[in-house]
Amino acid sequence: MQLHENTQLNSSAAWFEEKDRLNRQAMEDTLVDLASVLYSQNPTHSHTHTHNIVHKIDSYQALLLAAGAVGKALGIAIEPPAKSEDIDRVREPIEAIARASRVRMRRVTLRDNWWQKDGGPMLAYTLEENHPVALLPISDTRYELLDPLTLTRTPVDRHRAGTLAATGYTFYRPLPLVLKTQSLMQFAVRGHIKELVIILCTGILAALLEMLTPQATAILIDSAIPDANRSLLGQIALGLLATAFGAALFELTQGFALMRLDTFANSSIQAGVWDRLLKLKVSFFRQYAIGDLNSRVSAISQIHKKLTNTVLKTIFSSLFSLLNLVLLFFYSAPLALIAVVVALVNIAVTIVSGILTLRQVNPLLERQGKLFGVVVQLINGVTKLRVAGAESRAFAYWGKQYRHQLKLILATQGIEDSLAVINKVLPALTTAALFWFAITLLKQSQSQGGSLSTGTFLAFNAAFGTFISGATSLSSTVVDVLQVLPLWKRAQPILSAIPEVDASKTDPGRLMGKVIVDHVIFRYRSDGALTLDDVSIHAEPGEFIALVGPSGSGKSTLFRLLLGFDTPESGSIYYDGQDLNGLNVNAVRRQLGVVLQNSRLMSAPLFENIASGALISMDEAKEAARMAGFAADIEAMPMGMHTIISEGGTNLSGGQRQRLLIARSLVLKPKILLFDEATSALDNRTQEIVSQSLDQLKVTRIVIAHRLSTVRNADRIYVLDAGRIVQQGTFAQLAQQDGLFAQLIARQMI
């Protein structure tokens, strides 16, 4: 019996040991997968040293931990790379992390005494071990190094900085999805509350010091000079000198704090705005002309300048200047009441004029944006204008638009000129009234023994000047704040637009090549005609699908839907059975090879144009060029792959540009290719080379073609007419049928 129990115990123990071993093995396998994702920058390194990954796993997890520490300091949630990401093709693993986290990153050079300057949180690598660390600022002149391997924090000095690589990385914070004026200010000053406190405290101290000058004036006139008290005169002189020095020191400190805050806020807002702009749907940009959109983007920068620079500095100094009102009532209540009335009149005039100006500013900004758009269009179309001899009509059109803008400018200028006149006249009238009342009070004081003396009045006058200046500045600041409203309205379309990809979108994983368009209906405007009407196509992995039809039949629009540039009114598009509407479209596009009619080249070497930001070898670039029939052209160029392409590829022929674009789409060997008239400028020989190369790839191809000979080998051809599919089948089948396809063939044979 006991032997049986011992056998059972041994069996149970062995079972638990085996279970524990399998659990450890599963954990190691998982860690190997994670490590391979975050491996070194050398793509071949991960294959030759995979057996060492488990022993070094902490160094690879460290990248996520270090990036997470930097992200936490910036208020950014860091995510691991998506499953669809091809880590072997990114120049830095941190790029994949930034993409998954939906943030922008950039490289920075760690040079000179960088650790003694506030450059924000950064990620860096050690020189010897090449493992990532987080560099976190702990003050304006100090950094600490967070090592995610040991979870230790070390102050950065010259010796510690020497152990780091010269290149670091930093992230840009994205704007909040829902953005209001208050949240924009919070976003701008996040992490720099200390500067706000400095501005506030130095403003209070400077205002208090300014209040000493009127009191010193009263003592000087009433006591020191009449009594010929040299000691008191010396004390007053030293006191005023110390006051002036202290006020200058406080203003200098405030200026530095304001400059730091303004620089940080400006860089954060500009980066956030452009990040938001680049994340918006393509359909958003159809709503605005280029010039108008540029004007709206600039409005956000103007809002920042008004709120963080002008308003912050002016509103604090103005509010603190109003403290002089206490002194005014201390010196003379009757005169103080006059000062209050004058200040209220001044404020009322300024605010009323500001409101009147505001009514003109709103339409003026709209006109300026539209006119800027017109100017950009005229400049871009200057060649067509000269060909048509339409320069005079173009000038007349511009002049008509500018006339309306000029009227608004003159109306605004008239209000501002009137305010300037009032601001010039009012101080003189105020001073005259103040002196008249002061003379009356001085006479009463001499005859009835009042408290108002010459020194007291001069002190009152000095305090009054500071008070009225603060009141005027405060009212002007209110007007500046009001002028933010039309700017905010102009910027609202950008700030309120929903980004193309958010946290709710899922990663598609690695695409295999199956594409389905299911009963799609689409129109560009809600009140417009249907561009696509109940269109359905399907492509199995490796199939060659062709879309043909007359111009305006909806072929390019269908491509826009496949790329996620627009969303169907009804129906769905599926990649590998996944609805595109719920996918991260950026992750989908990265796995597509695309050549559109309006695709453009970068002003960069041929190699960079083919790589298009991906990590590829020179041999891979040459192979892509060979497949596109472009290899011989490149070899004939003196600089080969290093030949610089001009803006728009103007130093290449039309056929060369197309072949370069095809090479760019093929270099990463995607599973799906989308070609919209990609070979229209190629001769028959080059066309044959490209076709043979594509046939060898065995990838899904969806091709728009007007030259029907290029789709003879298509597995399936869809014929579109007026947004509907009117025929489908193979080339041979459709050629034998009476219909649009046969008509297209007949036209090309002629």
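The letter at position 639 of the sequence shown is residue 638 when you use numbering that gives the first Met the number 0, and the numbering goes up by one with no holes.
The C-beta atom is built at its ideal place from N, Cα and C for all residues, glycine as well.
Note that the structure is a prediction, hence the values are computed from the model and not measured.
State the CB to CB distance for the pair residue i and residue j, rounded to an integer number of angstroms; the pair is presumed to be in contact (CB under 8 Å).
{"i": "THR140", "j": "GLN115", "result": "5 Å"}
{"i": "GLN736", "j": "GLN726", "result": "7 Å"}
{"i": "VAL666", "j": "ALA623", "result": "4 Å"}
{"i": "GLY752", "j": "SER294", "result": "Residue 752 falls outside the range modelled here, since the chain spans only 0 to 749, and no answer is possible."}
{"i": "SER297", "j": "PHE186", "result": "The Cβ separation is near 18 Å, so there is no contact."}
{"i": "VAL698", "j": "GLY512", "result": "6 Å"}
Note down, in chain order, each residue of its chain lying with its Cβ closer than 7 Å to the Cβ of residue i, except the 5 sequence neighbours on either side.
{"i": "ALA680", "result": "GLY653, GLY654 and GLN657"}
{"i": "ALA461", "result": "THR212, PRO213 and THR216"}
{"i": "LEU743", "result": "VAL547 and LEU707"}
{"i": "LEU409", "result": "none"}
{"i": "SER611", "result": "ARG663"}
May I have the straight-line CA-CA distance separating residue i from residue j, to the nearest angstrom?
{"i": "MET184", "j": "LEU614", "result": "39 Å"}
{"i": "GLY353", "j": "SER472", "result": "13 Å"}
{"i": "PRO669", "j": "PRO92", "result": "20 Å"}
{"i": "THR642", "j": "ALA620", "result": "13 Å"}
{"i": "LEU557", "j": "GLY576", "result": "18 Å"}
{"i": "ASN585", "j": "ALA95", "result": "12 Å"}
{"i": "LEU336", "j": "LEU440", "result": "14 Å"}
{"i": "GLN400", "j": "ARG366", "result": "8 Å"}
{"i": "LEU407", "j": "PRO485", "result": "15 Å"}
{"i": "ILE414", "j": "LEU363", "result": "14 Å"}
{"i": "TRP487", "j": "LYS304", "result": "13 Å"}
{"i": "LEU240", "j": "LEU257", "result": "25 Å"}
{"i": "GLY647", "j": "VAL593", "result": "17 Å"}
{"i": "LEU405", "j": "PHE244", "result": "48 Å"}
{"i": "ALA389", "j": "THR382", "result": "10 Å"}
Output needed for residue i: all residues of its chain with C-beta closer than 6 Å, excluding positions within five of it in sequence on either side, in chain order.
{"i": "ILE544", "result": "ALA538, ILE701 and ARG715"}
{"i": "LEU357", "result": "LEU481"}
{"i": "ALA496", "result": "LEU279 and PHE283"}
{"i": "LEU595", "result": "ASP675"}
{"i": "PHE456", "result": "ALA437"}
{"i": "PRO154", "result": "GLU143"}
{"i": "ASP146", "result": "VAL132"}
With a threshold of 16 other CB atoms inside 10 Å of the CB of residue i, please say whether the residue is buried or exposed.
{"i": "VAL340", "result": "exposed"}
{"i": "PHE394", "result": "exposed"}
{"i": "ASN650", "result": "exposed"}
{"i": "ALA61", "result": "buried"}
{"i": "GLU128", "result": "exposed"}
{"i": "GLU194", "result": "buried"}
{"i": "ALA99", "result": "buried"}
{"i": "THR505", "result": "exposed"}
{"i": "ARG711", "result": "exposed"}
{"i": "LYS554", "result": "buried"}
{"i": "GLU634", "result": "exposed"}
{"i": "ILE137", "result": "exposed"}
DSSP three-state label for residue i, please.
{"i": "VAL500", "result": "coil"}
{"i": "VAL594", "result": "strand"}
{"i": "LEU37", "result": "Only weak support exists for where LEU37 lies, its pLDDT of 40 falling under 50; the coordinates are left without a value."}
{"i": "MET636", "result": "coil"}
{"i": "SER472", "result": "helix"}
{"i": "GLY553", "result": "coil"}
{"i": "SER267", "result": "helix"}
{"i": "LEU739", "result": "helix"}
{"i": "GLY118", "result": "coil"}
{"i": "TYR287", "result": "coil"}
{"i": "HIS303", "result": "helix"}
{"i": "SER495", "result": "helix"}
{"i": "PRO42", "result": "Note that PRO42 has pLDDT 39, beneath the 50 cutoff, so the model's placement of it is unreliable and the number below is only indicative. Correct three-state label for PRO42: coil."}
{"i": "PHE674", "result": "strand"}
{"i": "ASP416", "result": "helix"}
{"i": "ILE772", "result": "Since the first residue of the chain shown is 0 and the last is 749, residue 772 is not available in this structure."}
{"i": "MET617", "result": "helix"}
{"i": "LEU178", "result": "coil"}
{"i": "MET626", "result": "helix"}
{"i": "TYR396", "result": "helix"}
{"i": "GLY508", "result": "coil"}
{"i": "GLU143", "result": "strand"}
{"i": "VAL584", "result": "helix"}
{"i": "HIS191", "result": "coil"}
{"i": "TYR401", "result": "helix"}
By Cβ distance below 8 Å, which residues in the same chain neighbour residue i in space, the five residues on each side in sequence not counted?
{"i": "GLY167", "result": "ARG106, VAL107, THR108, LEU109, MET121, LEU122, ALA123 and LEU134"}
{"i": "ARG588", "result": "LEU562 and GLY563"}
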